[in-house]
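*Asks:* Numbering (the working numbering), first residue to last: 21 to 444.
Cβ atoms here follow ideal geometry from the backbone N, Cα and C, with glycine treated the same way.
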Ligand SMILES: Cc1cc2nc3c(=O)[nH]c(=O)nc-3n(C[C@H](O)[C@H](O)[C@H](O)COP(=O)(O)OP(=O)(O)OC[C@H]3O[C@@H](n4cnc5c(N)ncnc54)[C@H](O)[C@@H]3O)c2cc1C
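1. Going by DSSP, what residues sit across from residue 316 in a beta bridge?
2. Buried or exposed: where does residue 441 fall if 16 or more other Cβ atoms within 10 Å of its Cβ makes it buried?
3. Taking only three categories from DSSP, how would you classify residue 256?
4. Mind checking whether the beta-carbon of residue 230 lies closer than 8 angstroms to any heavy atom of ligand 1?
5. Less than 6 angstroms between C-beta atoms, sequence neighbours within five positions excluded: which residues of the same chain meet that for residue 325?
6. Using the beta-carbon count (16 or more within 10 Å), is residue 128 buried or exposed?
7. What is the DSSP secondary structure of residue 141, counted as helix, strand or coil?
8. Identify whether residue 32 lies in helix, strand or coil by the three-state DSSP scheme.
9. How is residue 444 classed by DSSP in three states: helix, strand or coil?
10. Quick one: complete alpha helix (DSSP H) runs, 4+ long, within the stretch 36-80?
11. Based on DSSP bridge pairs, tell me the residues matched to residue 226.
12. Would you say the beta carbon of residue 367 is closer than 8 angstroms to some non-hydrogen atom of ligand 1?
13. Use the C-beta contact count for residue 402: other C-beta atoms within 10 angstroms, 16 or more gives buried, fewer gives exposed.
14. If residue 459 and residue 300 are in contact, beta carbons under 8 angstroms, what's the gap, nearest whole angstrom?
15. Do the stretch 410-430 and the stretch 81-92 meet, that is, are 3 or more Cβ pairs less than 8 angstroms apart?
16. If you run the structure through DSSP and keep just helix, strand and coil, what is residue 410?
17. Between residue 67 and ligand 1, is there a pair consisting of the residue's CB and a ligand heavy atom that are separated by less than 8 angstroms?
18. Please report how far the alpha carbon of residue 61 lies from the alpha carbon of residue 34, in whole angstroms.
19. Less than 9 angstroms between the C-beta atoms of residue 400 and residue 306, yes or no?
20. In chain order, what residues of the same chain have a beta carbon less than 7 angstroms from the beta carbon of residue 353, not counting five sequence neighbours either side?
21. Quick test of your reading: residue 292 and residue 347, contact by CB under 8 angstroms. State the CB separation rounded to the nearest angstrom.
22. Who are the Cβ neighbours of residue 327 in its own chain at under 8 angstroms, not counting the five residues just before and after it?
23. With a Cβ-Cβ cutoff of 9 angstroms, do residue 144 and residue 153 count as a contact?
24. Determine the direct distance from the alpha carbon of residue 335 to that of residue 297, and round the result to whole angstroms.
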């Protein structure tokens, strides 16, 4: 059987794969997008039921298409976001083949290009763009043994409060997922404990503008690299319930018990680090820093935005903050579930190419890998803070497509006239 050949193979049809296709089409690059599930599958089945986008619809989108039927200031629900990408793919006539998994990709020695094995046969591609996402494999730190008498699940598998066995819930991790899920469970009448690590927590709205706008005008989405020491700092924001600032003191006032980092487990007892006050304080500092930068911007530009002194008033410190709990006996507290909102790892196990460092991390410059012909898209901080976000990946895709077009230009060079036309 003849082997299918394609110039550029894009693996994954999430937002990254769709953006990639748009820009490759713009450059006239023949390509194919393979997706093992459906377009934007992560938004359909990889998120809890009530999830809405973290940014308003005017912002969390590609530049060339608005969200129709959604108030631009509102936060689109996860299904609407998935539909948006499906619509987008149709609109740009993206050559997406769904239900096809790429199982391996290896360089074809002496010929150039890659042999790609899929669940639907072999393809030869000159180039591969891995657009398989930064949030692929849920990570649960090995703290509580699997056999312990408590249900354990990752936020990736959480759908809604009714799914959990009756009883109190310990949510570990207070990034956007953990904080939002803790809030939802608390509203559903569950007793909730929330283990809070280092985090940033921007104001949802300040002086009448959403934080996504502030990060934009302040140039912070374009920050090229994570500040040193912030590697384990998560961001805690929410578009739920119309969007409100993630404020851990307020959550505690509403009934959630805050705890420090989850450290160890022994005989039914979980122990927590003594870092809760520090973590809350550094989250506060991050919050106030953005207010300061915003105020300075207003002063500098003279833009007419109303002052908002109340934004600097903190809720009172709850007892769980002034006198933190350091150990919890799960049975005594009636904790039936530990919900780990502890992040994800990437999975490039299908790529047998020389594009990774010793820890298996992609080695690349703005998505162009160390192995010629291999490209990445959608990596955290690929080019900037915004790289994993909907609008950010579109701009990164443009850069990757430009680089592919430049390579193709060199590869297509033929010296005019003369016998040495094709000599290298
Ligand atoms: C809970 C949560 C909420 C988020 N909310 C927002 C938000 O509100 N706004 C925002 O801008 N960003 C948000 N993000 C970040 C980011 O936008 C999403 O994670 C987004 O899904 C990433 O898109 P992607 O295309 O890079 O990866 P994915 O959406 O994960 O797409 C990758 C695709 O590759 C496919 N795939 C993987 N391996 C293979 C293979 N071997 N062969 C074929 N196909 C394969 C997968 O099926 C998948 O469809 C959120 C992330 C999470 C985890």
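*Replies:* The short version:
1. Against the chain shown, residue 316 aligns to sequence position 296. Bridge partners of residue 316: none, in fact.
2. Here residue 441 is taken as the residue at index 421 of the chain shown, counted from 1. Confidence in residue 441 is poor, its pLDDT being 48 and thus under 50, which makes the residue's placement unreliable; the coordinate value appears in the next sentence. Exposed: under 16 other Cβ atoms inside 10 Å.
3. Mapped onto the chain shown, residue 256 falls at position 236. DSSP places residue 256 in coil when its eight states are reduced to three.
4. Along the chain shown, one-based indexing puts residue 230 at 210. No, the beta carbon of residue 230 sits no closer than 8 angstroms to any heavy atom of ligand 1.
5. Against the chain shown, residue 325 aligns to sequence position 305. For residue 325, where only same-chain residues beyond five positions count, the Cβ hits under 6 angstroms are 227, 228 and 318.
6. In the chain shown, the residue the question calls residue 128 occupies position 108. Under this definition residue 128 is an exposed residue.
7. Within the chain shown, residue 141 is the residue found at index 121, counting from 1. Looking at residue 141 - three-state DSSP - the assignment turns out to be strand.
8. In the chain shown, residue 32 corresponds to position 12, counting from 1. Residue state, collapsed to three classes: coil.
9. The sequence position of residue 444 within the chain shown is 424, counting from 1. Reliability fails at residue 444, whose pLDDT of 40 lies under 50, so the model's placement of it is uncertain and the value that follows must be treated cautiously. In this structure, residue 444 counts as coil in the three-state DSSP scheme.
10. 61-65
11. Residue numbering aside, residue 226 sits at position 206 when the chain shown is read from its first letter. Per DSSP, 229.
12. Stepping through the chain shown from its first residue, residue 367 is reached at position 347. Checking the Cβ of residue 367 against ligand 1 gives yes.
13. For this step, residue 402 is matched to residue 382 along the chain shown. Buried, by the Cβ-count rule.
14. In the structure as shown, the chain begins at 21 and stops at 444. Residue 459 is therefore absent and cannot be evaluated.
15. yes
16. Working through the chain shown from its first residue, we reach residue 410 at position 390. Helix at residue 410.
17. What you label residue 67 is simply residue 47 of the chain shown in a count that begins at 1. Yes, since a heavy atom of ligand 1 falls inside the 8 angstroms radius drawn around the Cβ of residue 67.
18. Against the chain shown, residue 61 aligns to sequence position 41. Against the chain shown, residue 34 aligns to sequence position 14. Roughly 7 angstroms between the two C-alpha positions.
19. For this step, residue 400 is matched to residue 380 along the chain shown. For this step, residue 306 is matched to residue 286 along the chain shown. Not a contact, by the Cβ cut-off of 9 angstroms.
20. Walking along the chain shown from the start, residue 353 turns up at place 333. Contacts found: 188.
21. Position 272 of the chain shown holds residue 292. Position 327 of the chain shown holds residue 347. That belief holds up - the Cβ atoms of residue 292 and residue 347 are roughly 7 angstroms apart, short of 8 angstroms.
22. On the chain shown, position 307 is the one that residue 327 refers to. The answer, listed in chain order, is 227.
23. Against the chain shown, residue 144 aligns to sequence position 124. Against the chain shown, residue 153 aligns to sequence position 133. Cβ distance not < 9 angstroms, so residue 144 and residue 153 don't count as in contact.
24. To locate residue 297, count along the chain shown from 1; it is residue 277. To locate residue 335, count along the chain shown from 1; it is residue 315. Roughly 14 angstroms between the two C-alpha positions.
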